[in-house]
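Since the structure comes first, as structure tokens, the remarks are kept for the end.
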Amino acid sequence: AGDINSDDRTDLIMVEFRRNHFEVLALDSGLTPVAAMRFKIFEQKSYTQSKLAGGAVEPRELRIADVTGDGKDDLVTVIHDRIIIYPQD
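Here the numbering used here is used: position 45 in the sequence shown is 461, and no number is missing along the way.
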């Protein structure tokens, strides 16, 4: 959770693993989650990793922090051994 859309309210980030999407749910004034945005975060690998063989669910890490130094929360994730930063505009 963090303020992903700069409205001074906490937003929830959900990951749709099967569709490779992030979904941002903004909390309205009554603290009801409302769909704010959805976007594709990665393509599927060209090979399959088995959970039994040590394969990981992607993304493996997801954090919300100001990594650009502009005072706004950014979305940071680890996907397929890459760190991907989605900064706020």
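Beta carbons are placed, not taken as given, at the ideal position from N, Cα and C, and that holds for glycine. Predicted model, so just to flag it, every value in this text is computed and none were measured.
Burial state of Leu-373 (16 or more Cβ within 10 Å): Lying before the first or after the last residue shown, residue 373 is absent from the chain, which here runs from 417 to 505.
Can Thr-426 and Ile-457 be called in contact, C-beta distance under 9 Å? Note that the C-beta distance between Thr-426 and Ile-457 is not below 9 Å.
Would you tell me roughly how many angstroms separate the C-alpha atoms of Ala-452 and Glu-439, rounded to the nearest one? Glu-439 has its alpha-carbon roughly 8 Å from the corresponding atom of Ala-452.
By Cβ distance, which residues of its chain are closer than 8 Å to Asp-486, with the 5 residues on each side in sequence left out? Shown here for Asp-486: same chain residues with a beta carbon closer than 8 Å to its own, the five before and five after excluded, namely Pro-503, Gln-504 in chain order.
Within 10 angstroms of its Cβ, does Asp-489 collect 16 or more other Cβ (buried), or is it exposed? Asp-489 counts as buried, since at least 16 other C-beta atoms from the protein chains shown sit within 10 angstroms of its C-beta.
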